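**Q** First the structure, then my questions, so here it is.
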Amino acid sequence: MKSNSDNNTESKSTSLRYPTAVRIAVVGGVFSVIVAALLAVNYVQRTVFDERRIAELDRLKIEILSRPNDEQLMGRIRQLDLEVRRDRIRRVDFSRKGGWLLAAGLVVMVVGIKWADTLRRKLPHPELRGDVRAEQVTEATWARRAVTAGLLLLGASALLLTLIPQVDFVKSSFEVGPDEVWPGFRGPGGVGVGVTTNVPVKWNGGTGEGILWKKKVPLRGHNSPIAWGDRVFVSGADANERQVYCFDADSGDLLWRGGVETEAGKTSEPLDVMEDTGFAAPTCVTDGKRVCAIFANGDVGCFDYKGKQLWTRGLGVPESAYGYASSLAMYRNLVLIQYDQATEEDEKSKMIALNVLSGQTVWETKRPVGGAWTSPIVDKVGGSEQLITCGDPWVIAYNPANGEELWRAECMGDDLAPSPIYAGGLVLAIESNVKMVAIRPDGRGDVTKTHILWMVEDGIPDIPSPVSNGELVFLLTSDGTLTCYRLTDHAKLWEQDLGTGFNASPTIVGNRLYLLSEKGVMIIAEFAEGYKEAARYELGEECHASPAFVSGRIYIRGLENLYCIGSTASQEP
Amino acid sequence: MTRRRFLRDSLWGTCLAGLGAAGGYFWGRSHKQDTVWQIDPYTCVACGNCATYCVLEESAVKCVHNHAVCGYCRICFGFFGPEPHDITEAAENQLCPTGAINRKLIEDPYYEYTLDEKLCNGCGKCVKGCNAFGNGSLFLQVRHDRCKNCNDCSIAAACPSGAFRRVPADKPYILKRADHT
Amino acid sequence: MMRSSHVTIALLFPLMLTGIASAAERFPPPEFETGYELPPVTNITQAVPRGDIYEYLDVAVLAAALALSSYLVLKKRSRRWIYTLMIFSLLYFGFWRKGCVCPIGAIQNVVLSIFDETYAMPITVTLFFVLPLVFTLFFGRTFCAAVCPLGAMQDLVALRPISIPAWLEAGLRLFAYVYLAAAVLFAATGSAFIICRYDPFVSFFRLSGWFNILVLGACILLIGVFVGRPYCRFLCPYGVILRQLSRLSKRRVTITPDECIKCRLCEDSCPFGAIREPTAEWPAGHYVKSKKRLGLLIAILPVLIFVFGWLGSELKGIASRAHSTVRLADRVHLEDAGRVEGTTNASDAFRATGKDVEQLNAEASGIIAQFGTGGWVFGGFVGLVIGLTLISLTVQRKRTDYEADRGSCLACGRCFEYCPRENVRLKRLKETVGGD
Chain L
1 MKSNSDNNTE
11 SKSTSLRYPT
21 AVRIAVVGGV
31 FSVIVAALLA
41 VNYVQRTVFD
51 ERRIAELDRL
61 KIEILSRPND
71 EQLMGRIRQL
81 DLEVRRDRIR
91 RVDFSRKGGW
101 LLAAGLVVMV
111 VGIKWADTLR
121 RKLPHPELRG
131 DVRAEQVTEA
141 TWARRAVTAG
151 LLLLGASALL
161 LTLIPQVDFV
171 KSSFEVGPDE
181 VWPGFRGPGG
191 VGVGVTTNVP
201 VKWNGGTGEG
211 ILWKKKVPLR
221 GHNSPIAWGD
231 RVFVSGADAN
241 ERQVYCFDAD
251 SGDLLWRGGV
261 ETEAGKTSEP
271 LDVMEDTGFA
281 APTCVTDGKR
291 VCAIFANGDV
301 GCFDYKGKQL
311 WTRGLGVPES
321 AYGYASSLAM
331 YRNLVLIQYD
341 QATEEDEKSK
351 MIALNVLSGQ
361 TVWETKRPVG
371 GAWTSPIVDK
381 VGGSEQLITC
391 GDPWVIAYNP
401 ANGEELWRAE
411 CMGDDLAPSP
421 IYAGGLVLAI
431 ESNVKMVAIR
441 PDGRGDVTKT
451 HILWMVEDGI
461 PDIPSPVSNG
471 ELVFLLTSDG
481 TLTCYRLTDH
491 AKLWEQDLGT
501 GFNASPTIVG
511 NRLYLLSEKG
521 VMIIAEFAEG
531 YKEAARYELG
541 EECHASPAFV
551 SGRIYIRGLE
561 NLYCIGSTAS
571 QEP
Chain S
1001 MTRRRFLRDS
1011 LWGTCLAGLG
1021 AAGGYFWGRS
1031 HKQDTVWQID
1041 PYTCVACGNC
1051 ATYCVLEESA
1061 VKCVHNHAVC
1071 GYCRICFGFF
1081 GPEPHDITEA
1091 AENQLCPTGA
1101 INRKLIEDPY
1111 YEYTLDEKLC
1121 NGCGKCVKGC
1131 NAFGNGSLFL
1141 QVRHDRCKNC
1151 NDCSIAAACP
1161 SGAFRRVPAD
1171 KPYILKRADH
1181 T
Chain E
2001 MMRSSHVTIA
2011 LLFPLMLTGI
2021 ASAAERFPPP
2031 EFETGYELPP
2041 VTNITQAVPR
2051 GDIYEYLDVA
2061 VLAAALALSS
2071 YLVLKKRSRR
2081 WIYTLMIFSL
2091 LYFGFWRKGC
2101 VCPIGAIQNV
2111 VLSIFDETYA
2121 MPITVTLFFV
2131 LPLVFTLFFG
2141 RTFCAAVCPL
2151 GAMQDLVALR
2161 PISIPAWLEA
2171 GLRLFAYVYL
2181 AAAVLFAATG
2191 SAFIICRYDP
2201 FVSFFRLSGW
2211 FNILVLGACI
2221 LLIGVFVGRP
2231 YCRFLCPYGV
2241 ILRQLSRLSK
2251 RRVTITPDEC
2261 IKCRLCEDSC
2271 PFGAIREPTA
2281 EWPAGHYVKS
2291 KKRLGLLIAI
2301 LPVLIFVFGW
2311 LGSELKGIAS
2321 RAHSTVRLAD
2331 RVHLEDAGRV
2341 EGTTNASDAF
2351 RATGKDVEQL
2361 NAEASGIIAQ
2371 FGTGGWVFGG
2381 FVGLVIGLTL
2391 ISLTVQRKRT
2401 DYEADRGSCL
2411 ACGRCFEYCP
2421 RENVRLKRLK
2431 ETVGGD
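Protein chains in written order, with my numbering: chain L, 1 to 573; chain S, 1001 to 1181; chain E, 2001 to 2436.
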């Protein structure tokens, strides 16, 4: 009741009840304040002190693992645990009861205050108003001004808020075309087919003709170069060091190098690997924002585009007769590792998927296989993606999102090196020197008896992987025999002896085959009507790794150097 | 005067008609039943927000155990902490902060794990362990004898995986089934 | 034995950090030899939510309270009875029903059901929204008087109300309109129910709640001791709708039963500053000036609407962050670009679903676009309100008696308790002529 008037008359009884009312209000108020304080203390206890005790308890629980027989410590843990749990219940209980008590106290206080107020109510004596014309006009004017001020305030604050920059995630995706990426071993899908155009047609390593740049790679490795946009990645290692290198695609400058080292990868004696394999045989993989590499001692490292190390994982040294060589594959944000080792009976092999951002294992599936030197591929089969692996003795396909096995076929032996490919609706897997098998990938479970379409045994390679354009498949042996089969009826169309040795896998770009020999000679051949050699170009250096065909250029890794074959400007339209 | 009166009356009539039309429209779109909040256990990631974000002192969310899905493992990853001192029911080995799970030997090597609802506080640690390593037979559900059915559920707003949704009040629970993989 | 098991668990612990949502059943169902019976799924299905019959009961109580309140305000005209009904409403709708669902919050449900086909609003919520509006259209703000529990809380503590100058009142009331528009925008885009989230009194009704909201509620109540019903007058989004409907109502609160003697006792008694004095004759020249100003204001009204509408849509960048999908897309993008360290539960959960980032970005962009269009409506509405307020402050109605402002009057019943003419009618006072 608003009133600013003078005194009034009170009845006696009112003046007696007034102190009572005030006392009630005071009692209620004091009670409320006490309860509120207790509740606050309770709250602080719950959030601060209890949390500390829980952290202490966790710490003790870890400590007891190193001293398992310490009775006193065990006693303390049990005591602390009991206290924490008991107090938790007590505090929640008190909060609830305290809420009721506080409410009751406040109600009493409000009732007391209102009663006191009613008893002390004064009669209102509003002033009489005289000429209100001017006042009313002024009031209205001021009201309008206030609203205008509100308008300006709202407008200004809105403008200020719009100035706060927000994340623009629409622009996040890397704008590269499919001919600008060679993201892993044997390119997109791992099938060895390049989609770039304007590939160089002439070069000479000796004279430097046609070669854009040639740079020494600090550490050797047989892994193939990969590229994305304006970056080329390779890795190298020796017995002590493992490194990932990033070169600029246009200038060849070594932009950064990142070392990979983990505890699990440390060995007391130097790792025993075959010289032909080396310490860095597996090819890296990239998604345009990050690049990952794995090395012979089971170390995996991941770097972002600028070279900052994101994470490393030590998977442990794999038991591999010739040295670990399976390249990495990638599916969405998962790095896929074919961790095959030892023999089938040892049951040590598995397929591992790591989150590319954190390195944490997303899924892991055991593989009933022994060691192999093939690499996994991820391809779209039917409507969904399949992760296809060639192992000893099973060819297995997984769902790359969760590691669930889709189908498997028992058709391989040991010492596998050529990686499988998916072409013409068939999965083609090779058992070194023995046979090539064509499997229909639309089965489920064990499809050994039902989905193997055909098998051929002539001209089977031991190391290089096959390549196909969807109708014909080409097999290249390491001593130089190139064989061509037709996929539809597995008819052998022709065979050609190239007269030189090969380690790198063949690639098809356009309607030509690119075959890189061990001596560094690239043989370019047309295959439409039988074998027809179109050209041979010398690099002048021994080559083991498969080349990358991207943005109108060819990246070849020799024993010592990385070459970029192409012209000054990048060739894409 | 009369013009103003007419204007006001017609505006009044329009508002009434508008309210009637709106009422009719919403009546048509309305659901006879009330809706309540519930967790989809297949989407839940057991982040622990259920225990802390509920407006009630002790969360309305509690854990449920579907024994048909349970593997009855000796080492239950919903029961035992990540680094237990020993595989016994001693308090220091348990994952549950309130000791709400009871472990009982049925026959070797099968152990039965039951929940004491009075103690469960909905933190989801057991759910996380069971989902990561076990069969996922433990899951969180909103208890409707406790839930106040707030219009804007605070846990729903804080759920990182969007597992909270409104369900009709006659089917207020989404339970995990044994045949779901 | 023990050592290997805890080592195994320790090695597997990193796996635990992924917290996979859907667990494959890794272990086969056990085969019991002792005839053990599986216990049923914990009998939680016995804990059922409040039966629907009770929801309908709430609607019935609401309708009865509204009817009773209208009767008490307009026919019986007894503050004491209104006060009693108000206490009942506070206890029932406030402390018993915990203040939820209330008509104020129902605005959001109604808006969401318009824009989201998957949201099925219960009939009771529709009725909660519509009933007070209908009663207000007929009888004035009798809902505010004795039915709304939030209003009741504030009314109880209004002990020393001061009078707010009219210009301040007009300015502060703008905020309620902005709040309404914002609540509608956020509800329509499915981002959040901000009225519920920032309801100051719900934590009192529940006797528990978040610290911040408790403090907010306490502050508003403290202010309410000196400013009558601050939430109702300057914040309540439902109240601004009721204002407009109440201005059109057929029946309304009248103070004096017969003639007004201009004693000003009613104006003095109103804690909410809702009594308007009789208007005097305007000074010369004022009429012409007013007309000019009115013309100007009507002319710039579309400009105001357009400018504020544009501002509102420009706010889409920041406003859309209220939606969890947009925040998630932000976070995922920042993580991918390496601009933040680590991951959050939400981004982990998202990546575990294996959903395409492109799809997430597309969804988020769609929501931002919604905020763009919604922002036009939001801003345009605010601009309209500002323009209309300015216009209404230019137009002056003629009043001969002291009257309750049709929009602002909360029908609390204090004014006619104090009116001497009313007291004469009720035979509480004797009519005297001259002298005392």
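Every residue, glycine too, gets a C-beta built ideally from N, C-alpha and C. Source: prediction; values computed, not measured.
Any C-beta of chain E sitting closer than 8 Å to the C-beta of S/PHE1006?
**A** Output row for S/PHE1006: interface = no.
**Q** Any C-beta of chain E within less than 8 Å: which residues of the region 129 to 154 of chain L qualify?
**A** If the cut-off is 8 Å between Cβ atoms, the region 129 to 154 of chain L has ARG129, ASP131, VAL132, ARG133, ALA134, GLN136, VAL137, GLU139, ALA140, TRP142, ALA143, ARG144, ARG145, ALA146, VAL147, THR148, ALA149, GLY150, LEU151, LEU154 near chain E.
**Q** Is the region 248 to 256 of chain L touching the region 191 to 202 of chain L, taking contact as three or more C-beta pairs under 8 Å?
**A** At 8 Å Cβ cutoff, the stretches do not touch.
**Q** Residues of chain S with a CB under 7 Å from the CB of E/PHE2186: which are they?
**A** Those do not exist, as E/PHE2186 stays about 10 Å from chain S at its closest Cβ, beyond 7 Å.
**Q** Under the rule that 16 or more other beta-carbon atoms within 10 Å means buried, what is L/GLU345, buried or exposed?
**A** With fewer than 16 Cβ atoms within 10 Å of its Cβ, L/GLU345 is classed as exposed.
**Q** Starting from L/ARG332, find everything on chain E with Cβ-Cβ shorter than 9 Å and list it in chain order.
**A** Under the 9 Å cutoff, chain E gives ARG2351, GLY2354, ASP2356, VAL2357.
**Q** Is the separation between the beta-carbon of E/PRO2122 and that of S/SER1030 shorter than 8 Å?
**A** Yes.
**Q** In its own chain, which residues sit with a C-beta less than 7 Å from the C-beta of E/LEU2068, not counting the 5 before and 5 after it?
**A** Within the same chain, E/LEU2068 has close Cβ partners LEU2085.
**Q** Comparing alpha-carbon positions, which option in E/ARG2050, E/GLY2295, E/ARG2414, E/SER2324 lies nearest S/ASN1198?
**A** Residue 1198 of chain S is absent from the structure shown; chain S starts at 1001 and stops at 1181.
**Q** According to DSSP, is E/SER2320 part of a helix, a strand, or is it coil?
**A** DSSP places E/SER2320 in helix when its eight states are reduced to three.
**Q** When burial is assigned at 16 or more other CB atoms within 10 Å of the CB, is E/ALA2021 buried or exposed?
**A** The predicted model places E/ALA2021 with a pLDDT of 41, which falls under 50 and marks its position as unreliable; any figure quoted below should be read in that light. Buried: at least 16 other Cβ atoms inside 10 Å.
**Q** Between S/SER1161 and chain L, is the shortest Cβ-Cβ distance under 8 Å, so that the two count as touching?
**A** Not an interface residue.
**Q** List the whole-angstrom C-beta distance separating L/GLY314 from L/ALA264, where the pair is believed to meet the contact cut-off of C-beta under 8 Å.
**A** Yes, they are in contact, since the Cβ atoms of L/GLY314 and L/ALA264 sit about 3 Å apart, within 8 Å.
**Q** Which runs of the beta strand (DSSP E) fall wholly inside the region 389 to 469 of chain L and span at least 3 residues, in chain order?
**A** Here the runs fully enclosed are 394 to 399, 404 to 410, 421 to 423, 426 to 431, 435 to 439, 452 to 456.
**Q** Please state whether DSSP places L/ARG557 in a helix, a strand or coil.
**A** Of the three classes helix, strand and coil, the one that applies to L/ARG557 here is strand, per DSSP.
**Q** For E/LEU2235, does the three-state DSSP call read helix, strand or coil?
**A** Note: E/LEU2235 maps to coil in three-state DSSP.
**Q** Any idea what DSSP makes of E/TRP2282, helix, strand or coil?
**A** Coil, per DSSP.
**Q** To which residues of the same chain is L/SER173 closer than 7 Å at the C-beta, ignoring the five residues directly before and after it?
**A** Confidence at L/SER173 is low in this model, with a pLDDT of 47, below 50, so the placement of that residue is unreliable and no value is reported for it.
**Q** Name, please, each residue of chain E whose Cβ falls closer than 7 Å to the Cβ of L/LYS449.
**A** Going along chain E, no residue has its Cβ under 7 Å from L/LYS449, so there is no contact; the nearest lies around 26 Å.
**Q** Does the Cβ of E/ASN2212 have 16 or more other Cβ atoms within 10 Å, making it buried, or fewer, making it exposed?
**A** Burial call: exposed.
**Q** To the nearest angstrom, report how far apart E/GLN2154 and E/PRO2161 are at their CA atoms.
**A** Approximately 11 Å between the Cα atoms of the pair.
**Q** List the residues of chain E that L/SER358 touches, going by C-beta distances under 7 Å, in chain order.
**A** Ordered by position in chain E, the residues that pass the 7 Å Cβ test against L/SER358 are THR2343.
**Q** Using 8 Å as the limit for Cβ to Cβ distance, is L/GLN341 near chain E?
**A** No, L/GLN341 lies away from the interface with chain E (no Cβ there is under 8 Å from its Cβ).
**Q** Hey, is S/THR1002's beta-carbon within less than 8 Å of any beta-carbon in chain L?
**A** No, because no Cβ of chain L sits closer than 8 Å to the Cβ of S/THR1002.
**Q** With distances taken from CA atoms, which of S/GLN1141, S/ASN1151, S/ASP1034 is nearest E/ILE2044?
**A** Residue S/GLN1141 is the option with its Cα nearest to E/ILE2044.
**Q** Would you kindly work out how many angstroms separate the C-alpha atoms of E/PHE2129 and E/ILE2241, rounded to a whole number?
**A** Their backbone Cα atoms lie some 11 Å apart in a straight line.
**Q** Are the C-beta of L/ASP304 and some C-beta of chain S separated by less than 8 Å?
**A** Judged by the 8 Å Cβ criterion, L/ASP304 is not in contact with chain S.
**Q** Do you know offhand how far L/ARG46's Cα is from S/THR1088's?
**A** Each residue's Cα considered, the two are about 29 Å apart.
**Q** Given the structure, does L/GLU347 come close to the ligand ADP, in the sense that its CB is under 7 Å from one of the ligand's heavy atoms?
**A** The ligand content of the structure shown is nil, which means the ligand ADP is not present either.
**Q** Based on the DSSP secondary-structure assignment, which residues constitute the bridge partners of L/THR312?
**A** Looking at the DSSP assignment, L/THR312 forms a beta bridge with L/GLY301.
**Q** Would you check if the distance between the CB atom of E/CYS2232 and the CB atom of E/ILE2104 is smaller than 8 Å?
**A** Cβ atoms of E/CYS2232 and E/ILE2104: not closer than 8 Å.
**Q** With DSSP as the reference, label L/TYR514 as helix, strand or coil.
**A** Residue state, collapsed to three classes: strand.
**Q** Go through the region 2098 to 2158 of chain E residue by residue and report every complete run of the alpha helix (DSSP H) that reaches 4 residues or more, in order.
**A** Segments of the alpha helix (DSSP H) lying fully in the region 2098 to 2158 of chain E: 2103 to 2115, 2123 to 2139, 2142 to 2146, 2149 to 2157.
**Q** Taking 8 Å as the threshold (C-beta atoms), are E/TYR2056 and E/THR2124 in contact?
**A** Yes, they are a contact pair.
**Q** Is there contact between the region 67 to 87 of chain L and the region 102 to 113 of chain L, where contact requires at least three CB pairs shorter than 8 Å?
**A** Verdict: no, contact absent.
**Q** Using only the alpha-carbon positions, how far apart do L/SER551 and E/ALA2187 sit?
**A** Distance between the alpha carbons of L/SER551 and E/ALA2187 is about 49 Å.
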